[in-house]
Amino acid sequence: MEYLIHLAVMSSIYAILGMSLNLVVGYAGLLSVTHAAFYGVGAYAVGILTVSRGYGFFEATAIGMVCAAAAAWFIGIVSGKFKGDYYALVSFGFNIIVFSIFLNVQSVTRGPLGIPGIPKPELFGTAIRTNAQFLILSIVFALLTYAISQWIVKSSFGRALKGIREDEDALRVFGYDTARYKRIIFMIAAMLAAVAGSLFASYISYIDPSTFSLNESIFILSLVILGGLANVNGSVFGAIVFILLPEILRFVGFPPDIAAQMRQVAYGAILVLLMLYRPQGMFGEYKL
Amino acid sequence: MKRNSLYIALIVMLLVVGIGLVMSRREAKVAELDDLSTVRLGGAFGLSGVCAEWGEGEKKAAQMAVDEANAAGGVNGKKIDFMIEDTQCENKTTVNAVQKLVNADHVIAIVGPTWGDAYQGASPVINGSMTPAVSPDTAMEALEFQKQSIDYIFSTYAPQRKEIAALEAYAERVELKKVAMVWDQDSYSTMMTRLFEEASPFHGIQIGEKHEMPTGIQDFRTVIAKMKTANIEAVFISFLAPHTKASFLKQAKELGFRAIILSAADIQDESVLESFGSAMDGVIYTYPVANEEQKAFKETYRAKYNEDPQGPAAVNAYDAVRIIVAAIGSGAKNGQEIRNALEKVRIKGAFIGDLGFDEKHQVLGGEFELKTVRNGAFIPFK
Amino acid sequence: MNILETKNLKKSFGGVHAISDLSISFAKGKLTSVIGPNGSGKTTLVNVLTGMHAITGGAVVVGGKSFHAIRPESLPRLGITRTFQDVRLFEQMTVADNIMVALTARGPLAALLERGSADREERVKAVLEKIGLWEKRRELAYNLSYGQRKLVEIGRVLAMDVDIVLLDEPFAGLFKEMVRVIVGIIGELKAAGKTVLLIEHNMELIRELSDHVIVMDAGGLLAKGKPDEVLARRDVIEAYLGE
Numbered sequence: 007m008e009y010l011i012h013l014a015v016m017s018s019i020y021a022i023l024g025m026s027l028n029l030v031v032g033y034a035g036l037l038s039v040t041h042a043a044f045y046g047v048g049a050y051a052v053g054i055l056t057v058s059r060g061y062g063f064f065e066a067t068a069i070g071m072v073c074a075a076a077a078a079w080f081i082g083i084v085s086g087k088f089k090g091d092y093y094a095l096v097s098f099g100f101n102i103i104v105f106s107i108f109l110n111v112q113s114v115t116r117g118p119l120g121i122p123g124i125p126k127p128e129l130f131g132t133a134i135r136t137n138a139q140f141l142i143l144s145i146v147f148a149l150l151t152y153a154i155s156q157w158i159v160k161s162s163f164g165r166a167l168k169g170i171r172e173d174e175d176a177l178r179v180f181g182y183d184t185a186r187y188k189r190i191i192f193m194i195a196a197m198l199a200a201v202a203g204s205l206f207a208s209y210i211s212y213i214d215p216s217t218f219s220l221n222e223s224i225f226i227l228s229l230v231i232l233g234g235l236a237n238v239n240g241s242v243f244g245a246i247v248f249i250l251l252p253e254i255l256r257f258v259g260f261p262p263d264i265a266a267q268m269r270q271v272a273y274g275a276i277l278v279l280l281m282l283y284r285p286q287g288m289f290g291e292y293k294l
Numbered sequence: 002m003k004r005n006s007l008y009i010a011l012i013v014m015l016l017v018v019g020i021g022l023v024m025s026r027r028e029a030k031v032a033e034l035d036d037l038s039t040v041r042l043g044g045a046f047g048l049s050g051v052c053a054e055w056g057e058g059e060k061k062a063a064q065m066a067v068d069e070a071n072a073a074g075g076v077n078g079k080k081i082d083f084m085i086e087d088t089q090c091e092n093k094t095t096v097n098a099v100q101k102l103v104n105a106d107h108v109i110a111i112v113g114p115t116w117g118d119a120y121q122g123a124s125p126v127i128n129g130s131m132t133p134a135v136s137p138d139t140a141m142e143a144l145e146f147q148k149q150s151i152d153y154i155f156s157t158y159a160p161q162r163k164e165i166a167a168l169e170a171y172a173e174r175v176e177l178k179k180v181a182m183v184w185d186q187d188s189y190s191t192m193m194t195r196l197f198e199e200a201s202p203f204h205g206i207q208i209g210e211k212h213e214m215p216t217g218i219q220d221f222r223t224v225i226a227k228m229k230t231a232n233i234e235a236v237f238i239s240f241l242a243p244h245t246k247a248s249f250l251k252q253a254k255e256l257g258f259r260a261i262i263l264s265a266a267d268i269q270d271e272s273v274l275e276s277f278g279s280a281m282d283g284v285i286y287t288y289p290v291a292n293e294e295q296k297a298f299k300e301t302y303r304a305k306y307n308e309d310p311q312g313p314a315a316v317n318a319y320d321a322v323r324i325i326v327a328a329i330g331s332g333a334k335n336g337q338e339i340r341n342a343l344e345k346v347r348i349k350g351a352f353i354g355d356l357g358f359d360e361k362h363q364v365l366g367g368e369f370e371l372k373t374v375r376n377g378a379f380i381p382f383k
Numbered sequence: 025m026n027i028l029e030t031k032n033l034k035k036s037f038g039g040v041h042a043i044s045d046l047s048i049s050f051a052k053g054k055l056t057s058v059i060g061p062n063g064s065g066k067t068t069l070v071n072v073l074t075g076m077h078a079i080t081g082g083a084v085v086v087g088g089k090s091f092h093a094i095r096p097e098s099l100p101r102l103g104i105t106r107t108f109q110d111v112r113l114f115e116q117m118t119v120a121d122n123i124m125v126a127l128t129a130r131g132p133l134a135a136l137l138e139r140g141s142a143d144r145e146e147r148v149k150a151v152l153e154k155i156g157l158w159e160k161r162r163e164l165a166y167n168l169s170y171g172q173r174k175l176v177e178i179g180r181v182l183a184m185d186v187d188i189v190l191l192d193e194p195f196a197g198l199f200k201e202m203v204r205v206i207v208g209i210i211g212e213l214k215a216a217g218k219t220v221l222l223i224e225h226n227m228e229l230i231r232e233l234s235d236h237v238i239v240m241d242a243g244g245l246l247a248k249g250k251p252d253e254v255l256a257r258r259d260v261i262e263a264y265l266g267e
C-alpha cells in the first residue's frame, strides 16, 4: 500500500508538470524544453528557505512561484523573438543555464551535494507525517492545477492560445497582442511547475541539481506528447503512464542478469508502439 | 468510443500493478524473520545511467556472495531471496527502487543504494522503515557533512578521510609542498576535494590551482596544458567515472605532463585497466593493504563470470552481502536487531581483511597502502 | 472623403523595391479595386497596410492620422481588417472558433476571465448562416474544401464588423456559384457603408463591383479612376499583356 501511495504522489506531481507544460506546448504551440528549470526553481525555493531560513512550506512555495514567474518573464522576452525549432533551442539553453546555477552557486544550493532534510509541510499547526497525508496534499494541488488548466483552456484566452499555435501572425491581425499572451501563459505554466517542485522537494526531502536537467525537461515533454497535446486529461494520463510503466516492468520476470537493460528496452519499445498507434498522443486532438 | 477504451486501458494498467504486487509478494509484511521461509534481501544498484560502470560489477559480486551463502545452506537454514532493482543513478528513481524493495517486497535488509547524490533521497525511507542498508560504494562523509541520520545506513566502501590521510602522509613524506586539484561536479568528488583541502594544512601541504569541471567532460588537455606551464609538481584528481580518470592520465602522458598524480581507490577498476593499460602508468593511489581474500575474490569472480570484476566497488558489494549475512546469522530477527548486529559483527572481508563498522558506520580499521600502475598492472607502490 | 491613404509609401526588401513612392487614396464607403500584373506590389501593399511588413518610407494615413509604423494588433482599433490571399485560417480549430476569435476580448487578462456568452454564440451563428457553413460549425478548418475555407475567411471579416475591409483575391480558384455568394456578401458590405479594398484579376468582377480602380505596376501607380476609363487605357492593357 505504501508503495502505491508513493507512486500516486509521484504521479500527481508529474500530472501537475504535464498539465502546465501542455498549456505552453499543446495550446500555445511553443516547443518549450525548459520546464525542468521552473520545476527546479520551486524545489530549490522550498529546499533553501525551509531548511536554513525557517520558512514554512506554503510561504516558500509562494516565493518559489514568484521566482519562477520572474524567470519565465525574462526567458519569455528573449525566446519570444524566436519561432519553431529555434525557440526550442533557446529554451534548451535556458534549462542549461538554470541547471548550471543550481550546480555552481554552491554557497546557496550546496551544488552537487544537494539539500537533504527538507521538512514536510505544516498545515494549521500540525505537520504532515505520513505519505498518505502527503498524498492528499499533492492530489489537492493536482486538482487545483487541473481546474486552472481547464478554466484557461475553455476561456477566450485558451482560444487565443490555439490561434497563436495555428498562425500567430494572422491572429495578431485580428487585434491580439500575441507576445503578451505567450509571456503570460509561460509565466502561469512556470508557476505551476514550481508548485510541483515544492511538492517534490518536500516529499522526497532531498534535492540535487541532476533532477532538474535537460533530460527531465525532455521527460516531461515526452509525457505531454504521449498523453496528447492540447488535452488536459491527456497530461494526467501521460504522467500516470510514465510513472507506472517502469514500475510495472519491475514486476515482469526478465532474467536477472539482463533485467535492468531489458526493462529499458521494453519501456522504450512500448512508448514507440504507443506513438505509432496514435501519433497525436492518447488523448490528443492535435499533431505537433 | 476511443476515449472510453483509453480509460479502460488505464484501469487495466492499474490493475496489473495491483495484481503484480499481490502475486509477487503474497506474504504480508512480517515483523520477524522467523515467520518467513526465505530471507528476503534487497539489492539497489545503478544498472543504467551515469553510474552503471560501478553498478554492474556490484550486482554481480553481490549475486556471487548470495549464491555462495545459499550453496552453503543459506542463513540459519533459510535460502536468501535476492531481489535486485535498478536505481538508474538518479534521485527519484532510487527512491522508487527502494520504496519497492521496502514496501512491496518487504526485504529485511538492502545492499545499496549507491552514490551519495542519488541515495540521500532514499535514506528517509531506509531509516523510517528500519531497514538496514549497506552500501558498497558510498563514502559516508557526505552524509556526515550534510548532517543526515545514518541510523540504518552503512558502507563497506573506503572512507574518504582514511584515503586522504594516506595520500597526504605520502605527500608529506616526499615533501610535496603544493598540490593542485582537478575534480568534477559530482558529490563524491566534491566531498573528496573538500576533505583533501581541509586536511592539507596538517600535512604541510598547500593547495595550488583548483579546477572544477562539469561532470562528463572527457577532454582535459586545456587544464593539463595550463598546469604544465605553471610547473605544478603534484595534482590530486577525483572524477565520477573511472574511465574519466584513465582518460586524464592518458592525456597527461600525451602532453608530457610530468607531475605526480594522486588518486583515491576508485581508480582500481580492472575493466578500465584493460582499455587503458600502460597509459595509466605512474598514478599513485590508496587502497587497502592486499590480502588473500582480495585475490580469492578476483579469481572466483573471474571463474564465475569470465571477466574481471567491473567497476571499483565490486569487492565492496561482495563484502556488503557477507556482512549482512553474518549479522543475520548471529541471530538478528528484524531490521533493528540486524542493525545492532551490524554494529558489532566482524568478518574476514575481501576489501579489508578484518571488516567491521565504526560508530560512523564506515569500515573499521583497515590499513591503506599506496599503489601505482606499472606496465599496465596495479601494484603496490614503494 | 478619404478614409485610407498612402503618402509616398515605400517598401523595400533589401535591394528589391516592392513599393516605390506610392500615393493613393481610398474613398470612404466605396469599393476600390487594386489591380496590376503579378509582382506589381498589390499584396505587399495590403501587408504593409496591415502591419505585416514594416514601412520603409512614407506614411499610411488612417482616418486622418498619419502612421510610419503599424502594429497588426492595433488594426481593429484603426478599423481595419483583411482576408489573406493564401487563406490563413486556424487549421486545427473549429469553423465556429475561427469566427469567434473576431468577437472575443483581446486583452489577455480580460480574455482569461471571459467564458462563452449567448450573445457571441448568436453572432457567430448569424455569420455562419450568412456564409452557409452553420452545419460545418464543429468541423476543423483543415477538413474544409478550398471554397469553404475562403468563405470562412470572409466570415471572419464579417464578424470583425469594422469600417475598412481589405480583400486579397477572395475569388481566386472558386466555382461560379461560390463566386456569386461572395459577390453577394461584398454587396452587403458596401450597403453597410464599409470601405472595401479589393485585389482582383477578373475584369468582369472588377467592372461589376468597383467604384474606383487603382492600377499598380512595378511598385508604383500606373493609373486610377473609374473602372471603364482605366480598363480601356492603352498603358494598362500593355502592362497586363507585357507579363
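Chains as they are written, first to last, in my numbering: chain A, 7 to 294; chain B, 2 to 383; chain C, 25 to 267. Cβ coordinates follow ideal geometry from the N, Cα and C atoms, glycine included.
Look at the alpha carbon of residue i and the alpha carbon of residue j, and state the distance between them as a whole number of angstroms.
| i | j | result |
| --- | --- | --- |
| residue 207 of chain A | residue 176 of chain A | 42 Å |
| residue 276 of chain B | residue 310 of chain B | 14 Å |
| residue 205 of chain A | residue 19 of chain A | 7 Å |
| residue 211 of chain C | residue 82 of chain A | 45 Å |
Does the beta carbon of residue i sit closer than 8 Å to a beta carbon anywhere in chain A?
| i | result |
| --- | --- |
| residue 187 of chain B | yes |
| residue 2 of chain B | For residue 2 of chain B, the predicted model reports a pLDDT of 43, less than 50, meaning its position is unreliable and no value from the coordinates is stated. |
| residue 146 of chain C | no |
| residue 29 of chain C | no |
| residue 163 of chain C | no |
| residue 202 of chain B | no |
| residue 27 of chain B | Residue confidence is low: residue 27 of chain B scores 44 on pLDDT, short of 50, so the model does not pin down where it sits. Its coordinate-derived value is still stated next. It does not; no Cβ of chain A falls within 8 Å. |
| residue 176 of chain C | no |
| residue 121 of chain C | yes |
For the candidate residues the options, whose alpha-carbon lies nearest to that of residue i?
| i | options | result |
| --- | --- | --- |
| residue 165 of chain A | C:174, C:130, C:253, C:33 | C:130 |
| residue 55 of chain B | B:317, B:342, B:329, B:330 | B:317 |
| residue 84 of chain B | B:106, B:77, B:70 | B:106 |
| residue 134 of chain C | A:183, A:156, A:87 | A:183 |
| residue 31 of chain A | A:215, A:167, A:185, A:242 | A:167 |
Interface residues of chain A around residue i at Cβ under 7 Å?
| i | result |
| --- | --- |
| residue 130 of chain C | 181, 182 |
| residue 116 of chain C | 172, 292 |
| residue 80 of chain C | Neighbours of residue 80 of chain C on chain A: none; closest Cβ ~19 Å, over 7 Å. |
| residue 125 of chain B | 211 |
Using the beta-carbon of each residue, which ones in chain B are nearer than 7 Å to residue i?
| i | result |
| --- | --- |
| residue 117 of chain A | 186, 191 |
| residue 303 of chain A | Lying outside 7 to 294, the shown extent of chain A, residue 303 of chain A is not represented and no answer is given. |
What does residue i touch in chain A if you count any residue whose Cβ is under 8 Å from its own?
| i | result |
| --- | --- |
| residue 91 of chain B | 216, 217 |
Is the distance from the Cβ of residue i to the Cβ of residue j below 8 Å?
| i | j | result |
| --- | --- | --- |
| residue 210 of chain A | residue 114 of chain A | no |
| residue 163 of chain C | residue 118 of chain C | yes |
| residue 43 of chain C | residue 73 of chain C | no |
| residue 312 of chain B | residue 377 of chain B | no |
| residue 172 of chain B | residue 180 of chain B | yes |
| residue 225 of chain B | residue 258 of chain B | yes |
So is residue i in contact with chain B if we call contact Cβ pairs under 8 Å?
| i | result |
| --- | --- |
| residue 270 of chain A | yes |
| residue 50 of chain A | no |
| residue 59 of chain A | no |
Give the residues of chain A in contact with residue i, contact being defined as C-beta atoms less than 9 Å apart.
| i | result |
| --- | --- |
| residue 194 of chain C | Within 9 Å Cβ-Cβ: nothing; residue 194 of chain C doesn't reach chain A, min ~16 Å. |
Counting only Cβ pairs nearer than 8 Å, list the residues of chain C close to residue i.
| i | result |
| --- | --- |
| residue 148 of chain A | Here the premise fails: no neighbours, minimum Cβ distance about 21 Å. |
For chain C, check one thing: does any of its Cβ atoms lie closer than 8 Å to the Cβ of residue i?
| i | result |
| --- | --- |
| residue 284 of chain A | no |
| residue 240 of chain A | no |
The ligand GTP and residue i: does any heavy atom of the ligand fall closer than 7 Å to the residue's C-beta?
| i | result |
| --- | --- |
| residue 196 of chain C | As presented, the structure is devoid of all ligands, the ligand GTP included, so that no description of it is given. |
Listing by chain order, which chain B residues have their CB less than 9 Å from the CB of residue i?
| i | result |
| --- | --- |
| residue 41 of chain A | Within chain B, no residue comes near residue 41 of chain A; the closest Cβ sits about 15 Å away, beyond 9 Å. |
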